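Structure first, commentary second.
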Amino acid sequence: MAAFILYAYTAAPSIVALYDDSLEFQLVGPTFGIAHPTGYPLYILLSGLWSRVLFPFGGWAWRMNLFSALAGAGAIALLYLLTCSLLEKRSASEDAPQPFGLVDGAGITAALAFALSPVWWSQATVAEVYTLHNLLLLAVLLTAVRVGQDAHRTQATWLAALLGLGLAHHRTILLLGPGLFVYLLWRGKDMWRPQRKWLRYTAGFALPLLLYLHLPLRAAMGAQDLEGAYVNTWSGFWRHVLATGYGGFLTGNPLAVSRSIEDWLAIFQTQFGLLGLLLGSYGLAVGLRGRAKRPEWTLITLTLLANLGFAAGYRVADVEVFLLPVFLCIALGIGAGLLHLAHLSTGILLSQDASTRFPIARGT
Numbered sequence: 012m013a014a015f016i017l018y019a020y021t022a023a024p025s026i027v028a029l030y031d032d033s034l035e036f037q038l039v040g041p042t043f044g045i046a047h048p049t050g051y052p053l054y055i056l057l058s059g060l061w062s063r064v065l066f067p068f069g070g071w072a073w074r075m076n077l078f079s080a081l082a083g084a085g086a087i088a089l090l091y092l093l094t095c096s097l098l099e100k101r102s103a104s105e106d107a108p109q110p111f112g113l114v115d116g117a118g119i120t121a122a123l124a125f126a127l128s129p130v131w132w133s134q135a136t137v138a139e140v141y142t143l144h145n146l147l148l149l150a151v152l153l154t155a156v157r158v159g160q161d162a163h164r165t166q167a168t169w170l171a172a173l174l175g176l177g178l179a180h181h182r183t184i185l186l187l188g189p190g191l192f193v194y195l196l197w198r199g200k201d202m203w204r205p206q207r208k209w210l211r212y213t214a215g216f217a218l219p220l221l222l223y224l225h226l227p228l229r230a231a232m233g234a235q236d237l238e239g240a241y242v243n244t245w246s247g248f249w250r251h252v253l254a255t256g257y258g259g260f261l262t263g264n265p266l267a268v269s270r271s272i273e274d275w276l277a278i279f280q281t282q283f284g285l286l287g288l289l290l291g292s293y294g295l296a297v298g299l300r301g302r303a304k305r306p307e308w309t310l311i312t313l314t315l316l317a318n319l320g321f322a323a324g325y326r327v328a329d330v331e332v333f334l335l336p337v338f339l340c341i342a343l344g345i346g347a348g349l350l351h352l353a354h355l356s357t358g359i360l361l362s363q364d365a366s367t368r369f370p371i372a373r374g375t
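Taking my numbering, the leading residue of the sequence shown gets 12, the next gets one more, and so forth.
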């Protein structure tokens with residue numbers, strides 16, 4: 012709730028800029044129109060429902076900006092839950108239960124670090140697709156962790172459905188693939204054996220993809236994308252959904268900003284500061300070193316690396332928004348690093364207290 016209030020209060024009151032994606036979404040969302048490739052049907056349907064039914068107040072542009080604030084606040088809540096899920100089971104010794112207060116504090120710290128990072132904050136205050144994308148990404152990660160800890164795999168169908176919803180929104184959700192494959196092979200080997208449940212998993216994944224029918228159905232009603240590029244044919248549908256015209260951004264783009272190593276480091280340092288980056292890296296290393304949650308932290312690390320690799324190769328001017336999954340993984344590391352340091356400091360204090368009370372322990 013606090014995150015939503017913050018984002019809503021700082022949300023742009025109307026149109027942010029001309030000739031950008033934000034203006035497009037402020038137009039096609041309330042009209043249930045057709046967005047640029049890949050079409051973003053889940054976003055269009057949800058934002059249209061929000062702006063027309065759930066929040067019919069104020070200007071249309073402001074309503075769409077608030078939808079990003081709502082999705083952004085939801086993502087922060089899931090980040091807190093994911094941090095606690097990764098940390099609450101075992102301590103650094105992997106033998107003692109975690110004190111809830113410390114885990115809760117680490118979760119709040121991770122959530123705050125990401126919530127207040129400049130790039131994320133900027134996307135949570137304008138009509139854009141990235142807060143919803145990262146909300147779904149976090150939902151997939153949290154559900155995957157729970158599937159890995161559940162001997163009965165009762166949430167596996169939900170995991171498949173969330174992946175389908177993610178793909179019905181932004182195709183970079185597929186960058187979770189390597190991490191999920193390794194994690195589920197590690198934690199859920201039984202899931203890979205042929206069984207009837209596969210039909211349920213397949214249906215859960217495939218059904219959300221039917222949302223792409225929004226494109227031909229709305230086109231048949233006379234709707235058109237702002238550039239007039241969508242052609243309502245079989246080949247035109249797939250050309251739009253697969254965004255075949257965007258392949259050039261992976262091979263070269265004359266409008267791309269050339270960045271040095273220093274520029275990339277500056278982007279990261281702007282989000283968390285040097286201390287935050289060091290703490291996040293330390294926390295990720297601690298997570299990978301521990302035995303109890305090593306599979307989970309491997310999932311987080313592979314998610315970070317896959318998205319970092321994509322962002323480094325995707326030659327667009329606003330590459331920062333494609334680094335948001337990387338930033339949230341670093342925020343998870345900040346929570347883990349803070350908790351580990353808290354345990355170390357607690358251990359030192361306890362050791363000093365014991366030495367004071369029992370001098371024989373020091374050989375005196």
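Where a beta carbon is used, it is the ideal one built from N, C-alpha and C, also for glycine. Quick caveat, the model's predicted, so the values are computed rather than measured.
Given a threshold of 16 other Cβ atoms within 10 Å of its Cβ, counted over all protein chains shown, does residue i qualify as buried or as exposed?
{"i": "Ser128", "result": "buried"}
{"i": "Arg204", "result": "exposed"}
{"i": "Tyr30", "result": "exposed"}
{"i": "Ser79", "result": "buried"}
{"i": "Trp245", "result": "exposed"}
{"i": "Ile272", "result": "exposed"}
{"i": "Lys200", "result": "exposed"}
{"i": "Gln37", "result": "buried"}
{"i": "Glu238", "result": "exposed"}
{"i": "Ala14", "result": "buried"}
{"i": "Leu131", "result": "Note that residue 131 is Trp in the sequence shown here, rather than Leu. Trp131 should be labelled buried."}
{"i": "Leu361", "result": "For Leu361, the predicted model reports a pLDDT of 46, less than 50, meaning its position is unreliable; a value from the coordinates is still stated below. Flag for Leu361 reads exposed."}
{"i": "Ile16", "result": "exposed"}
{"i": "Gly190", "result": "buried"}
{"i": "Val39", "result": "buried"}
{"i": "Tyr232", "result": "Per the sequence presented here, residue 232 reads as Met, with Tyr not at that position. The residue is exposed, with fewer than 16 neighbouring Cβ atoms inside 10 Å."}
{"i": "Ala28", "result": "exposed"}
{"i": "Ser269", "result": "exposed"}
{"i": "Pro24", "result": "exposed"}
{"i": "Ser104", "result": "Confidence at Ser104 is low in this model, with a pLDDT of 44, below 50, so the placement of that residue should be treated as unreliable; the coordinate-derived value is given next. Classification for Ser104: exposed."}
{"i": "Leu57", "result": "buried"}
{"i": "Met12", "result": "exposed"}
{"i": "Phe43", "result": "buried"}
{"i": "Thr255", "result": "exposed"}
Could you check if residue i belongs to the surroundings of the ligand SAH, using beta carbon to heavy atom distance under 6 angstroms?
{"i": "Gly83", "result": "The ligand SAH is not among the ligands present in this structure, which contains no ligands whatsoever."}
Taking residue i as part of the alpha helix (DSSP H), name the residues at either end of that continuous run.
{"i": "Tyr141", "result": "141-160"}
{"i": "Glu35", "result": "32-39"}
{"i": "Val193", "result": "188-198"}
{"i": "Pro52", "result": "52-60"}
{"i": "Leu185", "result": "It is not in any alpha helix (DSSP H) - Leu185 carries neither H nor E in the DSSP assignment."}
{"i": "Val332", "result": "Where Val332 is concerned, there is no enclosing alpha helix (DSSP H), given that its DSSP letter is neither H nor E."}
{"i": "Ala214", "result": "208-217"}
{"i": "Ala317", "result": "305-324"}
{"i": "Asp274", "result": "272-300"}
{"i": "Tyr91", "result": "71-98"}
{"i": "Trp132", "result": "129-134"}
{"i": "Gly247", "result": "245-252"}
{"i": "Pro227", "result": "225-231"}
{"i": "Phe68", "result": "Phe68 -> no alpha helix (DSSP H), and no H or E assigned at all."}
{"i": "Phe43", "result": "From DSSP, Phe43 is part of no alpha helix (DSSP H); its letter is neither H nor E."}
{"i": "Gly175", "result": "167-178"}
{"i": "Thr255", "result": "No alpha helix (DSSP H) contains Thr255, which DSSP labels as neither H nor E."}
{"i": "Ala13", "result": "13-21"}
Give the C-beta separation of residue i and residue j to the nearest angstrom, bearing in mind that I take them to be a contact with Cβ-Cβ under 8 angstroms.
{"i": "Tyr212", "j": "Leu310", "result": "Not confirmed; about 18 angstroms, so no contact."}
{"i": "Pro52", "j": "Leu222", "result": "4 angstroms"}
{"i": "Leu174", "j": "Val151", "result": "6 angstroms"}
{"i": "Ala72", "j": "Ile26", "result": "5 angstroms"}
{"i": "Ser33", "j": "Glu139", "result": "6 angstroms"}
{"i": "Phe216", "j": "Ala277", "result": "Contact flag wrong, Cβ pair sits at about 39 angstroms."}
{"i": "Phe333", "j": "Ala342", "result": "Not quite, the Cβ-Cβ distance comes to about 16 angstroms (not below 8 angstroms), so this is no contact."}
{"i": "Leu89", "j": "Leu153", "result": "6 angstroms"}
{"i": "Thr314", "j": "Cys340", "result": "6 angstroms"}
Starting from the Cα of residue i, find the closest Cα among the options and give me that residue.
{"i": "Phe338", "options": "Gly320, Gln282, Ala23", "result": "Gln282"}
{"i": "Leu123", "options": "Ala150, Phe36, Thr94, Glu99", "result": "Thr94"}
{"i": "Asn318", "options": "Trp73, Pro336, Arg164, Val332", "result": "Pro336"}
{"i": "Gly5", "options": "Leu289, Ile16, Leu253", "result": "This structure gives no information on residue 5, because the portion of the chain shown stretches from 12 to 375."}
{"i": "Leu187", "options": "Leu355, Gly320, Gly346, Leu289", "result": "Gly320"}
{"i": "Ala46", "options": "Leu276, Pro227, Leu299, Thr120", "result": "Pro227"}
{"i": "Thr207", "options": "Thr168, Gly301, Leu343, Thr136", "result": "Inspection of the sequence shows that residue 207 is occupied by Arg rather than by Thr. Here the closest residue by C-alpha is Thr168."}
{"i": "Ala347", "options": "Val327, Gly247, Leu289", "result": "Leu289"}
{"i": "Ala84", "options": "Leu147, Phe279, Asp161", "result": "Leu147"}
{"i": "His181", "options": "Leu143, Leu149, Met202", "result": "Leu143"}
{"i": "Thr21", "options": "Gly44, Leu65, Leu77, Asn243", "result": "Leu77"}
{"i": "Leu316", "options": "Ser292, Arg198, Gly70", "result": "Ser292"}
{"i": "Ile87", "options": "Trp61, Phe125, Ser269", "result": "Phe125"}
{"i": "Val330", "options": "Ile55, Val297, Phe279", "result": "Phe279"}
{"i": "Leu350", "options": "Thr120, Val158, Pro48", "result": "Thr120"}
{"i": "Ala303", "options": "Phe66, Arg74, Ser96", "result": "Ser96"}
{"i": "Leu285", "options": "Ile345, Phe66, Leu196", "result": "Ile345"}
For residue i, would you say it is in contact with chain D, using Cβ-to-Cβ distances shorter than 7 angstroms as the test?
{"i": "Leu127", "result": "Among the chains in the structure shown there is no chain D, since it carries only a single protein chain."}
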